[in-house]
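Going down the list, the sequences are from chains D and Y.
First residue of the first sequence? That's 1 in the numbering used here, and the numbers climb one at a time after it.
First residue of the second sequence? That's 1 in the numbering used here, and the numbers climb one at a time after it.
Down below is the structure, laid out as structure tokens.
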Amino acid sequence: MIVEKWILVAAVMAGVIPLVVASYQFLLIGWHFRRLHYASCAPYFPRTAILIPAWNEAAVLGASIDRLMGLEYPRESLRVYVIDDASTDQTPQVVAAKAAQYPGCIVHLRREVGGQGKAHTLNHGLTQILASDWMQAVLIMDSDVIYEPPSLRLMTRHLADPEVGSVTAYIKEGSAGLGGRPPGAPRKARGGNYLTRFIGYEYITAQAAARRSQNVLGAIACLAGGAQLHSRANLEAIGGQIDTGTLAEDTITTIKTQLRGARVVFEPHAVVWAEEPDSIGGLWKQRLRWARGNVQVSLRFWRIWFHPRIRPRPAGGARPDAPYPNTGGHRLGSISFGLFWFSLLLQPIFMIMASASLITLFFIDKSLAWQAFHALWITNLLTYAFITSFALLIDPPTGRRVWREALLFPGAISLIIMLAAIAPVPLRFLAYHGLSHVGAYGAGGLAGGVELFTYVWLGGSMLVAYLAKLLETRFGGRFTSPLLIYLAGYGALLCAVTFAAFVKQLRGADVTWDKTEKTGKVAISA
Amino acid sequence: MTPTPTPQEQLDTEVRQAVRYERGLAVKALIALGIVLVLVAVRLLVV
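What follows is the structure, given as structure tokens:
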């Protein structure tokens with residue numbers, strides 16, 4: 001029985017793995033200044049083809065093209081290719097108007113039969129631009145993305161180093177307000193809604209922070225879909241086409257680039273603004289696609305993970321039986337990178353496992369359950385405090401707008417549980433006075449119920465987040481859904497999506513491309 | 001009138017600024033660790 005108890009305690013403590021690994025990832029950022037790629041950079045302005053896959057993007061395309069034409073980059077070295085995936089809105093007219101406005105810079109490529117997804121659309125464009133020798137680099141972006149004027153030249157300078165195959169930028173959530181106040185808005189306007197502010201904070205952690213630490217590690221997980229710059233040599237080396245077999249074509253391209261031995265660089269000072277979903281339904285659709293894609297990537301590249309020794313390429317070329325044609329130079333197989341990848345992907349499993357183990361322990365050894373619970377939540381609080389405070393300091397302008405959502409990222413209830421774990425005496429004092437006031441203090445059943453609730457919560461918060469999704473479009477959803485997300489946490493919502501992706505993958509559900517609708521909300525100061 | 005910087009001068013300036021920012025992040029990491037230490041101290045004091 002003792003062995004079983006300690007196995008349960010270990011399962012509870014597995015719940016801290018994602019946050020502990022995330023803290024390790026954040027610690028690496030402190031070393032980023034030692035691993036910058038700038039020493040190999042030079043002013044470099046390759047002839048760049050900008051690829052914009054577009055399906056019914058009339059609302060956002062014009063502004064994006066205008067911003068591209070305003071880039072600090074030689075106009076004669078820029079060509080924008082809009083790959084129109086059989087749009088049925090005004091997209092062709094918008095492109096035609098922009099082609100007339102910027103002669104020789106805008107090319108309209110139309111697919112008459114579309115709807116197969118972004119990768120197919122991109123491949124249509126790639127085939128055409130690779131057929132001519134004009135292009136020296138290609139920038140793949142999304143139609144809603146707004147590039148800050150210096151961003152492209154900050155990225156291309158890394159391509160001056162022939163070892164670099166691809167470069168990505170810092171994507172920031174740009175729905176009204178985050179990129180600057182909309183004209184006429186009050187000075188203190190926060191812009192966007194609660195969900196876009198959560199995403200704004202999430203992108204500090206997932207983009208500005210995580211990708212810096214991946215720079216330090218020498219392995220980048222994914223080029224941002226809205227900002228991926230490739231040298232022509234790299235594009236040709238990976239086959240000149242984007243993978244169409246998964247929902248994670250960006251990640252596949254990133255991994256293929258590194259597997260062939262080329263370096264991928266994240267340039268944190270090249271800033272790009274993107275429109276993100278402002279409803280749970282929209283976010284769920286987008287993130288389900290991403291999470292399912294990550295599950296597919298994990299399975300497809302299973303030989304890489306936790307295999308640091310597969311790096312060197314044998315002299316004279318790869319062995320015929322080598323798992324990949326070239327495995328030199330990258331650190332995708334490092335233990336650290338494997339931990340980053342899987343701790344995030346498996347986070348919902350860890351949460352459910354921790355909750356289930358706590359509940360089991362509660363019924364067989366209450367004292368041990370209580371101790372395990374404290375250890376779990378105190379560790380969670382310490383890692384949360386480190387990650388949140390550091391993230392807000394990494395990008396102070398965004399941090400000032402989203403600090404409330406940063407604090408409530410794990411949810412108000414988890415926050416109270418963490419505070420109760422670290423400072424039980426003051427909270428017990430408050431609970432005593434509060435419950436005495438209503439005459440409930442001293443009820444043994446109530447105390448046991450509260451204890452059990454806190455044990456269930458780590459996994460149960462995902463259910464509450466899922467409930468927020470279900471209620472969003474029903475009566476009162478406009479009020480109850482945000483409330484539930486603030487209570488359960490945006491993190492719990494992301495975990496629920498990942499869990500749903502596992503379920504879909506296990507059920508062998510169809511792999512379909514559900515496009516995220518864009519409406520032109522990105523508003524940044526000119 | 002200020003002369004327009006050459007691409008190399010512009011790169012040097014921007015790289016200097018970027019490196020300074022990245023060095024600052026190391027200091028910020030220490031500040032965040034300091035917050036964690038405060039929490040540990042709180043825990044030790046209130047129990």
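Ideal Cβ positions, reconstructed from N, Cα and C, are used throughout, including at glycine.
The structure displayed is predicted, hence computed values, not measured ones.
Within the DSSP secondary-structure output, isoleucine 204 of chain D pairs in no beta bridge. Per DSSP, glutamate 148 of chain D lies in no beta strand (DSSP E) and is assigned neither H nor E. Counting only Cβ-Cβ distances below 8 Å, alanine 41 of chain Y has no contacts in chain D at all, with the closest Cβ about 11 Å away. According to the DSSP assignment, phenylalanine 266 of chain D belongs to the beta strand (DSSP E) that extends over 263–274. Look at glutamate 163 of chain D here: in three-state DSSP terms it is coil, with no helix or strand label. Within chain D, no C-beta atom comes less than 7 Å from the C-beta of leucine 44 of chain Y; the nearest is roughly 10 Å away. Contact annotation: in the stretch 393–411 of chain D, residues whose CB is within less than 8 Å of a CB in chain Y are Leu393, Ile394. Counting other Cβ atoms within 10 Å of its Cβ, valine 21 of chain D reaches 16 or more and is therefore classed as buried.
Proximity to leucine 467 of chain D across D:Asp85, D:Asp395, D:Ile485 peaks at D:Ile485, based on C-alpha coordinates.
Out of Y:Leu45, Y:Arg23, Y:Leu37, the CA that lies nearest to the CA of threonine 379 of chain D is found in Y:Leu37. Between valine 19 of chain Y and leucine 36 of chain D, the C-beta spacing is below 8 Å.
Identification of chain D residues near proline 7 of chain Y by a Cβ-Cβ cut-off of 7 Å yields Pro43, ordered along the chain. By the C-beta criterion, the stretch 288–301 of chain D is judged not to be in contact with the stretch 191–206 of chain D, since fewer than 3 inter-stretch pairs fall below 8 Å.
Collapsing the DSSP output to three states places aspartate 243 of chain D in coil.
Shown here, proline 53 of chain D sits in a strand according to DSSP, grouped into three states. The DSSP-derived three-state label of valine 12 of chain D is helix. Counting only the Cα atoms, tryptophan 302 of chain D lies some 19 Å from valine 503 of chain D. The DSSP-derived three-state label of aspartate 250 of chain D is helix. Contact of isoleucine 378 of chain D with chain Y is assigned, a C-beta pair being separated by under 8 Å.
8 Å or more divides the Cβ of phenylalanine 363 of chain D from the Cβ of leucine 33 of chain Y.
If you check the CB distance, arginine 289 of chain D and methionine 135 of chain D do not come in under 8 Å. Listed by position along chain Y, the residues whose Cβ is nearer than 9 Å to that of leucine 36 of chain D are Val15, Ala18, Val19, Glu22. Annotation for serine 132 of chain D: no alpha helix (DSSP H) segment contains it, and DSSP assigns it neither H nor E. When the Cα atoms are used, glutamine 207 of chain D and arginine 47 of chain D turn out to be separated by approximately 27 Å. Contact annotation: leucine 154 of chain D and histidine 269 of chain D have beta-carbon atoms nearer than 8 Å. The continuous beta strand (DSSP E) containing arginine 110 of chain D extends over residues 106–111.
For glycine 30 of chain D, a Cβ of chain Y is located within less than 8 Å of the residue's own Cβ.
Close partners of histidine 269 of chain D in chain Y (Cβ separation under 7 Å): Ala18. Just measuring C-alpha positions, the residue of D:Pro43, D:Tyr24, D:Leu376 sitting nearest glutamate 9 of chain Y is D:Pro43.
Pairing serine 40 of chain D with alanine 227 of chain D, the inter-Cα distance amounts to about 21 Å.
Where histidine 230 of chain D is concerned, the enclosing beta strand (DSSP E) starts and stops at 228–231.
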